[in-house]
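Below: one structure, written as structure tokens.
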Amino acid sequence: NKIEKGKYKYFMLKEVYEQSKTISDTLRGRLLIPEKIICIDGIESHKEIFVNAESITIVACGTSWHASLIGEYLLEELTRIRVEVEYASEFRYRNPVIGKKNIIIVISQSGETADTLAALKLAKKKGAFVFGICNVVGSTIARSVDAGAYTHAGPEISVASTKAFTAQITVLVLLALIIGKYRYAIDDNRYKFLCEELGAIPEKVNYVLKMNDTIKKISQLYHNVNNFIYLGRGINFPVALEGALKLKEISYIHAEGYPAAEMKHGPIALIDENMPVVIIATKKGCYDKIIGNIQEIKARKGKVIAIVNKGDIQVNLLADHVIEIPNTDEILSPLITVIPLQLFAYQIAFSRGKNVDQPRNLAKSVTVE
Ligand code: G6P
């Protein structure tokens, strides 16, 4: 079937708006909410391997690499297995120390990225068990892994990845919960609570999408700047990286993502009245420290665009602009916090008149090394 943009000007916006559905689709048949049961065939049939794993290394490129970093927080927190994240292109050239007791998770929307495929082959050669998270069914990577779980994001047309990213995080949450349960690493009440909260994510995503008009208004004040800084902490640090990447990819504005606490080790030197800073300042995750960071930015006359929880008071008083999003457990928050950053990048690129779906020099899938 021909894929249509419908009422949307660009596929990217359509795909951003599909995320409530694509997260639901990725959960369907895997998260049974009333029973609080998670089933993923590729994990169940290899239960012993996951229970006994010494470490997990997640390997990917681009946006999938950012999902991998979120996976590191999720898997370490809920399974207590040590997790490393590698760029596929680096992993394969440094003789990694892995073997039978190590699990490699490869993440790829297209399932065709050459560096990720080469990393997978190397991991297999060294005897590691390779688990794949791909979106394209029957893709080369999906066919080459020992086991895997598909994301059900549907075809992603826009070069800048959005719905595939949230679907990847959704699968990673499911993996972390199921492996954590197998290993008795997660408290039963917390497990049940997270299952329920995960089930509520799609409707919260819909709520965030309603912020699009607010985000558009803010973007109109900033589409002429040359630089942006994105800050986040903990599991939202990779979200800051992803927000910066989205902006770079489609608007050609230079943007850097940083862990908020690292600001004092460099980026703070860049802050003046011309520097906008997008900061993820949701209630959990070192909220007080984030407030401190915002004060430091304001003291240097930087502009602060903050992602906050509904009803936030403290950040509201300090920031130039706030975008309010629903509350959820911190560990699930990337599924919500990334949405306003996707919309923001879109609105900025759109007001700069860029071809959002086909940014210059970028390809949807990089099948050369
Ligand atoms: C390219 C795309 C990115 C994507 C990356 C990894 O750079 O432009 O959007 O994140 O490849 O692709 P994959 O298909 O392996 O997830």
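The numbering of the sequence shown is UniProt numbering, which starts it at 248 and goes up by one.
For each residue, glycine too, the CB sits at the ideal point set by N, CA and C.
From a predicted model like this one, the values you see are computed outputs, not experimental measurements.
Restricting to Cα atoms, I'd like to know which of the options is closest to residue i.
| i | options | result |
| --- | --- | --- |
| residue 476 | 435, 506, 385, 372 | 506 |
| residue 335 | 472, 481, 283, 313 | 313 |
| residue 357 | 492, 406, 382 | 382 |
| residue 400 | 529, 431, 597, 415 | 415 |
| residue 345 | 327, 530, 371 | 371 |
| residue 482 | 519, 531, 466, 501 | 531 |
| residue 502 | 473, 512, 602 | 473 |
| residue 318 | 262, 285, 413, 292 | 413 |
| residue 378 | 495, 349, 457 | 349 |
| residue 496 | 302, 605, 359 | 605 |
| residue 457 | 263, 418, 487, 277 | 263 |
| residue 283 | 442, 498, 431, 535 | 442 |
| residue 555 | 545, 523, 463, 455 | 455 |
| residue 537 | 480, 440, 306, 434 | 480 |
| residue 255 | 603, 504, 434 | 603 |
| residue 410 | 569, 279, 583, 571 | 583 |
| residue 444 | 274, 298, 249, 405 | 274 |
| residue 511 | 494, 523, 489, 539 | 539 |
| residue 467 | 422, 591, 420 | 591 |
| residue 326 | 435, 522, 368, 486 | 435 |
| residue 425 | 279, 562, 386, 257 | 279 |
| residue 249 | 402, 385, 360 | 402 |
| residue 260 | 616, 611, 587 | 587 |
| residue 508 | 498, 487, 305, 464 | 487 |
| residue 341 | 543, 524, 500, 373 | 373 |
| residue 438 | 397, 609, 578, 287 | 578 |
| residue 398 | 420, 490, 521, 405 | 420 |
| residue 469 | 308, 352, 552, 369 | 552 |
Along the beta strand (DSSP E) that carries residue i, what are the first and last residues, could you check?
| i | result |
| --- | --- |
| residue 349 | 349–355 |
| residue 329 | 329–334 |
| residue 322 | Residue 322 -> not in any beta strand (DSSP E); alpha helix (DSSP H) instead, spanning 309–326. |
Run the proximity test for residue i: is its beta-carbon closer than 7 Å to any non-hydrogen atom belonging to the ligand G6P?
| i | result |
| --- | --- |
| residue 357 | yes |
| residue 395 | no |
| residue 585 | no |
| residue 304 | no |
| residue 530 | no |
| residue 309 | yes |
| residue 367 | no |
| residue 261 | no |
| residue 612 | yes |
| residue 363 | yes |
| residue 406 | yes |
| residue 360 | yes |
| residue 609 | yes |
With respect to the alpha helix (DSSP H) encompassing residue i, which residues constitute its N-terminal and C-terminal limits?
| i | result |
| --- | --- |
| residue 545 | 534–546 |
| residue 253 | That residue, residue 253, is in no alpha helix (DSSP H); it is neither H nor E in DSSP. |
| residue 267 | 266–274 |
| residue 294 | 294–298 |
| residue 616 | Run containing residue 616: none; DSSP gives neither H nor E here. |
| residue 290 | 288–291 |
Requested in this report: Mind listing, in chain order, the continuous alpha helix (DSSP H) runs of no fewer than 4 residues lying wholly within the segment 349–435?
Outcome: 361–372, 387–391, 410–429
Requested in this report: Only counting runs of 3 or more residues, tell me where the beta strand (DSSP E) segments fall wholly within the UniProt domain "SIS" (465–606), in order along the chain.
Outcome: 474–479, 501–506, 523–527, 550–556, 568–572
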